[in-house]
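For the sequence shown, the working numbering assigns the number 18 to the initial residue and increments by one for each residue that follows. By construction, the Cβ of each residue, glycine as well, lies at the ideal position given by its N, Cα and C atoms.
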Amino acid sequence: MSNLQKIEVQEVSENISNAFNRFGLELPLSPSDAETINDLRSYLAEKLKDLLENNFNLLVNTLYRIDVNEQKLNELFGSKNRTPIPEALAELIIERQLQKIYFRKKYKEGNI
């Protein structure tokens, strides 16, 4: 894995952790929890499964705060197949954080 990819994974992890912490949800991510995006996705899916089962309203508020695409969320929650929801939510959260990182970098470079 290149340094850039490692930095991106760390940045995504920090962004997600900060977003969850704002709602009083501890999402303790150590570097070993998220060496790759796949590691991060798996770790996050476990935490999201717990929220989905035990505190749905808090999960929805957190997803709103993270700014996950509402249309994609509606499609996901409207699906009859509920099994992959935590994994799909993890993917949507990571996707959104990567978009934010990309646009911040472009803005700093003056390319927006």
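Would you call the CB atoms of residue 107 and residue 61 closer than 7 angstroms? yes
If we ignore side chains and look at the alpha-carbon of each, how far apart do residue 40 and residue 128 end up? 33 angstroms
Beta-carbon proximity of residue 33 to residue 114, cut-off 7 angstroms: yes
So is residue 103 buried or exposed if we call it buried at 16+ other beta carbons inside 10 Å? buried
Using a threshold of 7 angstroms, state whether the C-beta atoms of residue 109 and residue 85 are closer than that. yes
Sort 87, 36, 43 and 52 by Cα distance to residue 26 and report the nearest one. 52
Residue 28 to residue 35, Cα distance in whole Å? 10 angstroms
Rounded to whole angstroms, what is the Cα-Cα separation between residue 67 and residue 83? 18 angstroms
Near residue 89, which residues of its chain fall below 7 angstroms by C-beta distance, leaving aside the five closest residues on each side in sequence? 109
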